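J.: Position 301 of the sequence shown, counting from 1, maps to 301 under this note's numbering, and the rest follow consecutively. Don't be surprised by glycine CBs; every beta carbon is placed ideally from N, CA and C. Being a predicted model, the structure only gives us computed values, none of them experimental.
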Amino acid sequence: MAEPERWTTSWYAAPCRMPEAGLKGRTFRQIVHLHASGQKLRLRLSNRYGDHPVTLTDISVGRALQGPVVADGVCPVTFNQQAAVTLPPGEDVTSDPVQMTVDSFTNMAISFRLADGECLTGHMSAQQISYVSNKGDVGSATGEIAYLVFPLQTSSWWLIAGVDVVPDVPVNTLVIFGSSTTDGMGSSVNANRRWPNYLARRLQNAGADKFMSVVNAGISGNQLTGSNMPQLAGPAIPTFLLGEPGQRRLAWDVSTQSGATDLIFHIGSNDLRCGMTAEAIIKAYQDMTTEARKRLRRVFGTTILPGGYTPAQAAQRQIVNEWMIQHGREYFDAVFDLGAALEWPSNRDRMDPLYDSGDGIHPNDEGYRVMAEAIDITQLSGSPGVSKDVVKVA
1 MAEPERWTTS WYAAPCRMPE AGLKGRTFRQ IVHLHASGQK LRLRLSNRYG
51 DHPVTLTDIS VGRALQGPVV ADGVCPVTFN QQAAVTLPPG EDVTSDPVQM
101 TVDSFTNMAI SFRLADGECL TGHMSAQQIS YVSNKGDVGS ATGEIAYLVF
151 PLQTSSWWLI AGVDVVPDVP VNTLVIFGSS TTDGMGSSVN ANRRWPNYLA
201 RRLQNAGADK FMSVVNAGIS GNQLTGSNMP QLAGPAIPTF LLGEPGQRRL
251 AWDVSTQSGA TDLIFHIGSN DLRCGMTAEA IIKAYQDMTT EARKRLRRVF
301 GTTILPGGYT PAQAAQRQIV NEWMIQHGRE YFDAVFDLGA ALEWPSNRDR
351 MDPLYDSGDG IHPNDEGYRV MAEAIDITQL SGSPGVSKDV VKVA
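1) Taking only runs of the beta strand (DSSP E) that begin and end inside the region 104-161, which ones reach a length of at least 3 residues, in chain order?
2) Out of F265, L296, E118 and T225, point me to the one whose CA is closest to C274's CA.
3) Could you check where the beta strand (DSSP E) with K40 kicks off and where it finishes?
4) Is it right to say E244 is buried, meaning 16 or more other beta carbons lie within 10 angstroms of its own, or is it exposed?
5) Secondary structure at M351, three-state DSSP: helix, strand or coil?
6) Determine the closest residue to N269 out of A71, T310, P170 and L380, with distance taken between C-alpha atoms.
7) Using a Cβ-Cβ cut-off of 7 Å (strictly less than) and excluding sequence neighbours within five positions of A292, which residues of its own chain qualify?
8) In chain order, what residues of the same chain have a beta carbon less than 6 Å from the beta carbon of G385, not counting five sequence neighbours either side?
9) Any idea what DSSP makes of A312, helix, strand or coil?
10) What residue ranges within the region 184-215 form continuous alpha helix (DSSP H) runs of no fewer than 4 residues, ordered along the chain?
11) Answer yes or no: do G382 and M212 have a C-beta to C-beta separation smaller than 8 Å?
12) Sorted by chain position, which residues of the same chain lie with C-beta nearer than 7 Å to I151's C-beta, five sequence neighbours on each side aside?
13) Grab me the residues of T8's own chain with a C-beta within less than 8 Å of its C-beta, minus the 5 sequence neighbours each way, in chain order.
14) Are the beta-carbon atoms belonging to E144 and V74 less than 8 Å from one another?
15) I'd like to check one pair, V93 with F79: are the Cβ atoms closer than 8 Å?
16) How would you label S179, buried or exposed, when you count the other beta carbons within 10 angstroms and need 16 or more for buried?
17) Report yes if the C-beta distance between L354 and E366 is below 8 Å; otherwise report no.
18) Could you please give me the residues that DSSP links to P363 through a beta bridge?
19) I'd like to know if the region 180-189 and the region 43-57 are in contact, where contact means that at least 3 CB-CB pairs between them fall below 8 Å.
20) Would you decide whether L222 is buried or exposed? Buried here means 16 or more other CB atoms lie within 10 Å of its CB.
21) When burial is assigned at 16 or more other CB atoms within 10 Å of the CB, is D4 buried or exposed?
22) In whole angstroms, give me the CA-to-CA distance for W157 and D287.
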């Protein structure tokens, strides 16, 4: 008897509530960057925060070339053998398998027409430009004409939550759970230079059995407990854009990842900025680690980055980080000192200007690369049995 197929998550965006945008009748072409290759794929769509059903038609996937232009060979996507799908409110939906070869570290275009309903679920800060048409079905446009039929741009992802693939041999998945620094705020748009992207490249280059698919479960503005989210968001930003508190969304964001074995936590800076004490943050880490171990093989902690704190908040950061270094191994399989990697030698409470995107809080591309270099990849599970030729890169 043949062994069942083992799916691996190749791309993920943690869902949050989105503002109403009046996009009914338009076609979306959204660009995502894959971290694992395969001969077969499936899409995961989410209406988690919708209060009414959402119907999509003319759903397809293809290899993204430039802007909204897609290579020939676009593949239709069905759900229960149907060309249209309705997403019930509060639920995710997974497509039928699509026979399509995809390579890791390439961009894929996901197209669909929003036939009915409102997009109230998505991911606000994509660090990636995607495309929206005027009203009408233009999903079949592939060549240069796509620039004309997709005149609108969006820096968010809408309704798409994940892409799973079936690799030639099983590949394990590493989930990175965090806030805006994991989300890639401050990195170059359309360049895939978030620190999870850099880490995925490191794992690909390190040798076959070290390879893992790295999925990004970061949400900009997110907090562990969320008790002071209005203070962080301010009057101009709806708090729902910051996602559900980390303690609440952890089970959802981990359990939906195919092949997940490992988890890295990098979250807590926004809690500090909203007045949470070191004691409360440490307790949240302990509780979340206990929860994560119910589902995963290895769980890792990180220290909190410098920058953007009052003196009192900076003192609390030092307490959290000292606990993480001295006692973190009592809860985590290993601790990665990302904070020290970006600290300015002249002032440990500030980010080194070499790594600062300009706001004193979020790293630039080089800072994100340094963060990825600070991960001891020998501590990760890797993917035993993967040979070098299985890690396909375009």
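T.: The answer reads as follows:
1) 107-116, 121-123, 130-135 and 152-154
2) Along the sequence shown, one-based indexing puts residue 274 at 274. Here the closest residue by C-alpha is T225.
3) Locating residue 40 in the sequence shown gives position 40, where the first residue counts as 1. G38 to S46 is the extent of the beta strand (DSSP E) around K40.
4) Reading the sequence shown from its first residue, position 244 is the one you call residue 244. So E244 counts as buried.
5) One-based indexing of the sequence shown puts residue 351 at position 351. In the structure shown, M351 sits in a strand (DSSP, three-state: E or B).
6) For this step, residue 269 is matched to residue 269 along the sequence shown. Note on residue identity: the sequence assigns Ser, not Asn, to residue 269. Minimum Cα distance to S269 is reached at T310.
7) Position 292 of the sequence shown, counted from the first residue, corresponds to residue 292. Correct list, in chain order: L250, V254, L263 and V299.
8) Within the sequence shown, the letter at position 385 stands for residue 385. Around G385: V169.
9) For this step, residue 312 is matched to residue 312 along the sequence shown. Of the three classes helix, strand and coil, the one that applies to A312 here is helix, per DSSP.
10) 195-205
11) Against the sequence shown, residue 382 aligns to sequence position 382. Against the sequence shown, residue 212 aligns to sequence position 212. Yes, they are a contact pair.
12) Indexing the sequence shown from 1 puts residue 151 at position 151. Checking the displayed sequence, the identity of residue 151 turns out to be Pro instead of Ile. These residues qualify, in order along the chain: N134.
13) Translated into the one-based positions of the sequence shown, residue 8 becomes position 8. Contacts found: A36, G38, D164, V165, V166, P167, P170, V171, N172, T173, S213, S258 and G259.
14) Sequence index remark: in the sequence shown, residue 144 carries index 144 (1-based). Sequence index remark: in the sequence shown, residue 74 carries index 74 (1-based). Result no, Cβ atoms of E144 and V74 do not sit closer than 8 Å.
15) Counting from one through the sequence shown, the residue named residue 79 turns up at place 79. Counting from one through the sequence shown, the residue named residue 93 turns up at place 93. A contact, by the Cβ cut-off of 8 Å.
16) Position 179 of the sequence shown, counted from the start, is the residue given in the question as residue 179. Buried.
17) Position 354 of the sequence shown, counted from the start, is the residue given in the question as residue 354. Position 366 of the sequence shown, counted from the start, is the residue given in the question as residue 366. Closer than 8 Å, so yes.
18) Taking the first residue of the sequence shown as position 1, residue 363 is located at position 363. DSSP lists D356 as partners of P363.
19) no
20) Locating residue 222 in the sequence shown gives position 222, where the first residue counts as 1. Sequence check: residue 222 is Asn here, not Leu. With 16 or more other Cβ atoms within 10 Å, it is buried.
21) Translated into positions along the sequence shown, residue 4 becomes position 4. According to the sequence shown, residue 4 is Pro rather than Asp. The residue in question, P4, is exposed, as its Cβ has fewer than 16 Cβ neighbours within 10 Å.
22) As a first step, residue 157 is located in the sequence shown; it is residue number 157 there, counting from the start. As a first step, residue 287 is located in the sequence shown; it is residue number 287 there, counting from the start. The alpha-carbon atoms of W157 and D287 are separated by roughly 30 Å.
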